[in-house]
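Quick note, the sequence shown lines up with residues 0 to 304 if you use numbering that gives the first Met the number 0.
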Amino acid sequence: MTKPPADIHARDPAEDAEAGASSHLASLARQVRTLRAQRGMTRKQLAVQSSVSLPYLARVEAGAGNVSLAVLHKLAGALNVGVEALVTERNACEGDLLILVEYLRQQPPDVLARLRRQLVAPGAADVRRTGQRIALIGLRGAGKSTLGPALAQAIGAPFIELDKEVEREAGIAIGEVITLYGQAAMRRIERKCIERIIATHDHVVLATGGGIVSEAPTYERVLRAFRTVWLRARPEVHFQRVMQQNDARIATEALRNEALDHIHRMLDARESLYRLADITLDTSDITPDAALAALTHDLSPARAA
């Protein structure tokens, strides 16, 4: 019997299995961290809402230790996603959808952006026919509550804050909605309010919550029914504006750094989603009047056409 060359060794199945498990745990860790950041949740908040202990959640996000199916279901429920969003890099699709997904995966970013606008974004004909629905997106402190009413007045449309609509629908403060009922209930109420706004307003300026982009079905609906504007700002500007709104200051440097780091993480996790907006306006270094002038110019019917 001929012996195999000395430099060829049989692979150890146990080593392969261990490497595969480590890869899956690392992927799970990335998914949980990203989904949590997109929703603006701290690790402690996710631990509370999922009933998963904080130390255990820390191990999950570090890609260490075994994760049970029960824990995956708890985390998925708290993040308002299916379990498959945590454990797979791609959804299991069949037929036409599978082929379309594969085709889209192979396209460069500029082609994907063009196809998405053709399929999802309202066109000029839709704007002329149904009026002008405008949705402002972005983190808290970007200028939505300041620029929104001014823009609404300039174009003769009502101004609506989605968070207040959610509070009216739930009968309690928005923070209590999440605390008492969790992310899933919060997002269901949010979607219901958006559908009502679409049904009753052809001409409106809507200020959305910063995390709406993390809910794909709801965000897709907004992109399809509204012209969307991402009001962006540097993390330090977001931080200063939020502090001014609250008329408060974080007491210690450590807490300030933690809050600023949280803003950085949310922006990093959401940036690719915010960039899907039809218009991007950086409000970091311009006055509200200048921002309004720039926005009304970008939203003019001639530019929409």
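Beta carbons: idealized from backbone N, C-alpha and C, even for Gly.
Cβ-Cβ distance between residue i and residue j below 8 Å
{"i": "L45", "j": "V86", "result": "no"}
{"i": "E160", "j": "A206", "result": "yes"}
{"i": "I188", "j": "V176", "result": "yes"}
{"i": "P148", "j": "V203", "result": "no"}
{"i": "R35", "j": "L78", "result": "yes"}
{"i": "A75", "j": "V82", "result": "yes"}
{"i": "E60", "j": "V80", "result": "no"}
{"i": "R233", "j": "G137", "result": "no"}
First and last residue of the uninterrupted alpha helix (DSSP H) at residue i
{"i": "T279", "result": "That residue, T279, is in no alpha helix (DSSP H); its beta strand (DSSP E) goes I278 to D281."}
{"i": "T295", "result": "P287 to D297"}
{"i": "I177", "result": "I173 to T199"}
{"i": "E60", "result": "L53 to E60"}
{"i": "N79", "result": "Taken as a continuous stretch (DSSP letters only), N79 belongs to no alpha helix (DSSP H), as it is neither H nor E."}
{"i": "V47", "result": "R42 to S49"}
{"i": "G147", "result": "K143 to I154"}
{"i": "V110", "result": "P108 to L118"}
{"i": "L254", "result": "E252 to Y273"}
Buried versus exposed call for residue i [16 or more other C-beta atoms within 10 Å across all chains shown]
{"i": "A289", "result": "exposed"}
{"i": "G140", "result": "buried"}
{"i": "S49", "result": "buried"}
{"i": "L266", "result": "buried"}
{"i": "Y102", "result": "exposed"}
{"i": "D162", "result": "buried"}
{"i": "S52", "result": "exposed"}
{"i": "G174", "result": "exposed"}
{"i": "S22", "result": "exposed"}
{"i": "V212", "result": "buried"}
{"i": "R89", "result": "Per-residue confidence for R89 stands at a pLDDT of 49, beneath the threshold of 50, marking its modelled position as unreliable; no derived number is given."}
{"i": "C92", "result": "With a pLDDT of 48 at C92, under the threshold of 50, the modelled position of this residue cannot be trusted, and the question is left open."}
{"i": "L118", "result": "exposed"}
{"i": "E164", "result": "buried"}
{"i": "G170", "result": "exposed"}
{"i": "P287", "result": "exposed"}
{"i": "A37", "result": "The residue asked about is misnamed: residue 37 is Gln in this sequence, not Ala. Counting Cβ neighbours within 10 Å, Q37 comes out buried, since at least 16 surround it."}
{"i": "L254", "result": "exposed"}
{"i": "L68", "result": "exposed"}
{"i": "R240", "result": "buried"}
{"i": "R186", "result": "buried"}
Residue of the options minimising C-alpha distance to residue i
{"i": "A215", "options": "A232, A206, V203 and A183", "result": "A183"}
{"i": "F225", "options": "R190, D277 and Q243", "result": "D277"}
{"i": "H237", "options": "R220, V221 and D260", "result": "D260"}
{"i": "L291", "options": "I211, Y180, A151 and E235", "result": "A151"}
{"i": "G210", "options": "H23, G155, P157 and L135", "result": "L135"}
{"i": "V228", "options": "R116, T145, R29 and L298", "result": "L298"}
{"i": "D201", "options": "P234, R233, G155 and S213", "result": "G155"}
{"i": "R365", "options": "R195, R240, M242 and L230", "result": "The structure shown does not extend to residue 365, since the chain is modelled only from 0 to 304, so the question has no answer here."}
{"i": "E168", "options": "T282, R190, Y55 and L99", "result": "R190"}
{"i": "D281", "options": "G208, A293, S271 and R58", "result": "A293"}
{"i": "H296", "options": "H72, R132, M40 and A153", "result": "A153"}
{"i": "R29", "options": "P287, A268, S67 and R233", "result": "A268"}
{"i": "I275", "options": "D109, G62 and G181", "result": "Residue identity check: residue 275 is Leu in the sequence provided, not Ile. The option with the nearest alpha carbon to L275 is D109."}
{"i": "A198", "options": "R116, R132 and L68", "result": "R132"}
Residue span of the beta strand (DSSP E) that contains residue i, given as start and end
{"i": "V204", "result": "V203 to A206"}
Counterpart residues of residue i in DSSP-defined beta bridges
{"i": "V86", "result": "Bridge partners of V86: none, in fact."}
{"i": "R231", "result": "D281"}
{"i": "I133", "result": "V204 and R226"}
{"i": "E160", "result": "A206"}
Short CB-CB distance (under 8 Å) between residue i and chain C
{"i": "R220", "result": "The chain inventory of the structure shown lacks chain C, comprising one protein chain alone."}
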